[in-house]
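Visitor: Structure provided below as structure tokens; questions to follow.
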Amino acid sequence: MADSLTSYEQTLQPSVSREAEARDFVALLKPRVMSLVIFTGFVGLVAAPGTMNPVLAFAAILLIAVGAGASGALNMWYDADIDAIMERTAKRPIPAGKVTPGDALGFGLTLSIASVVLLGLIVNVTAAALLALTIFFYVVIYSMWLKRRTPHNIVIGGAAGAFPPMIGWAAVTDSVTIESMVLFGIIFLWTPPHFWALSLFISKDYEKVGVPMLPVVAGERETRKQILLYSLLVVPCGVAPYFLDFAGPVYGVVSSLFGAWFLGLAAMVWQGREKAERKLFAFSILYLFVLFATLAFERLITEWLV
């Protein structure tokens, strides 16, 4: 691995033979991840009690998205050495020679500072503080500290992806409540089975660059067991909004049915069924989307009827 990283560092700068295009900087923002952040942040905003000026609400979601994109750019800057070696990430802007590391760093830092400051000035300090914590957690705690040092990287680092609904909630209420913490908990507990299912079928990529993902250091059997254990935690948490009375009966039914489906697939992964991890990975995305979409839809319908 060391030889591969040295080779990468020696050849990167000469490969940047043209000025970066706008789409290269957009790619640095990790648009797919950003779309999930926008969605969950929006649901947090909609689910929160109270109302918010539509212009301020739009600004809040936009700045949450910018902050998330900034985190992605800084992550790509720091991980450029291993991204160049992993097949899944080799075409990212920096290893592909489309954006220099310095430009990526400056871009990420500028967006980070701007998004936090503007969210504080336009919306409120609580939401801005949570956004700053999100960026710090993803870049420093996860990318720089945990990712290359411990198989628990996804477990702890997953908190970064769980903050957006809390930020959306705080944008409306200027507070952190048990309800917003439950939304945080759903994503936090969902992240390990989601990413470990992925890592089961791309573990060679992680092994090649020395990233200690659970399948690499503990083996497939232990990973499958941990997927099941975390699935047993995320499903009750997914139903919790109904029992805490900030989601209605439709959400209660949908979250229960999809939770049972999630557990069924996790059990298949634990048993080592063929391609079960791919099925769980794909379904886990649908699971999270359906739960949050149902929560938002039910809330909007209730407000409209009232």
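The letter at position 281 of the sequence shown is residue 281 when you use UniProt numbering, and the numbering goes up by one with no holes. Even for Gly, the Cβ is constructed at its ideal location relative to N, Cα and C.
1. Is the number of C-beta pairs between the stretch 36 to 46 and the stretch 163 to 182 that are closer than 8 Å three or more?
2. Pairing CB atoms from the stretch 294 to 306 with CB atoms from the stretch 244 to 264, are three or more of them under 8 Å?
3. Tell me the DSSP secondary structure of SER231 in three-state form.
4. Nearest to SER231 by CA position, among GLY168, LEU265, ALA240, is which residue?
5. Label ARG88 either buried or exposed according to how many other C-beta atoms from any shown protein chain fall within 10 Å of its C-beta, with 16 as the threshold for buried.
6. Which complete alpha helix (DSSP H) runs does the stretch 119 to 178 hold, if anything under 4 residues is left out?
7. State the Cα-Cα distance for the pair residue 353 and HIS194, rounded to the nearest angstrom.
8. Determine the DSSP secondary structure at LEU288, reduced to helix, strand or coil.
9. What is the C-beta distance between PRO212 and LEU200, in whole angstroms, given that I count them as a contact (C-beta under 8 Å)?
10. Applying the criterion that 16 or more other CB atoms from any shown protein chain within 10 Å of the CB defines a buried residue, is TRP304 buried or exposed?
11. Return the Cβ separation of LEU210 and ARG148 in integer angstroms, given the expectation that the two are a contact with Cβ distance under 8 Å.
12. What whole-angstrom Cβ distance do MET52 and VAL155 have, given they're in contact under 8 Å?
13. Exposed or buried, PRO236, counting other C-beta atoms within 10 Å across all chains shown (16 or more means buried)?
14. Do THR191 and GLY168 come within 8 Å of each other at the CB atom, strictly closer than that value?
15. Hey, how far is the Cα of ALA104 from the Cα of TYR78?
16. Does the Cβ of GLU277 have 16 or more other Cβ atoms within 10 Å, making it buried, or fewer, making it exposed?
17. How long is the line joining the alpha carbons of ASP83 and LEU111, rounded to whole angstroms?
Guide: Short version:
1. yes
2. Counting Cβ pairs under 8 Å, three or more are found: they touch.
3. helix
4. LEU265
5. exposed
6. Taking only runs of at least 4 residues, the alpha helix (DSSP H) segments lying wholly in the stretch 119 to 178 are 125 to 136, 153 to 157, 159 to 162, 164 to 173.
7. The requested residue 353 is not part of the displayed model; the chain covers only 1 to 306.
8. DSSP, reduced to helix, strand and coil, places LEU288 within a helical segment of the structure shown.
9. Wrong, their Cβ atoms sit about 15 Å apart, outside the cutoff.
10. When all chains shown are included, TRP304 counts as exposed.
11. It should be pointed out that residue 210 corresponds to Gly in this sequence rather than to Leu. Their Cβ separation, rounded to whole angstroms, is 7 Å, which keeps GLY210 and ARG148 in contact under 8 Å.
12. Between VAL155 and MET52 the Cβ distance is about 33 Å, and since that is not below 8 Å, they are no contact.
13. exposed
14. no
15. Going from the Cα of ALA104 to the Cα of TYR78 covers about 9 Å.
16. With 16 or more other Cβ atoms within 10 Å, it is buried.
17. 22 Å
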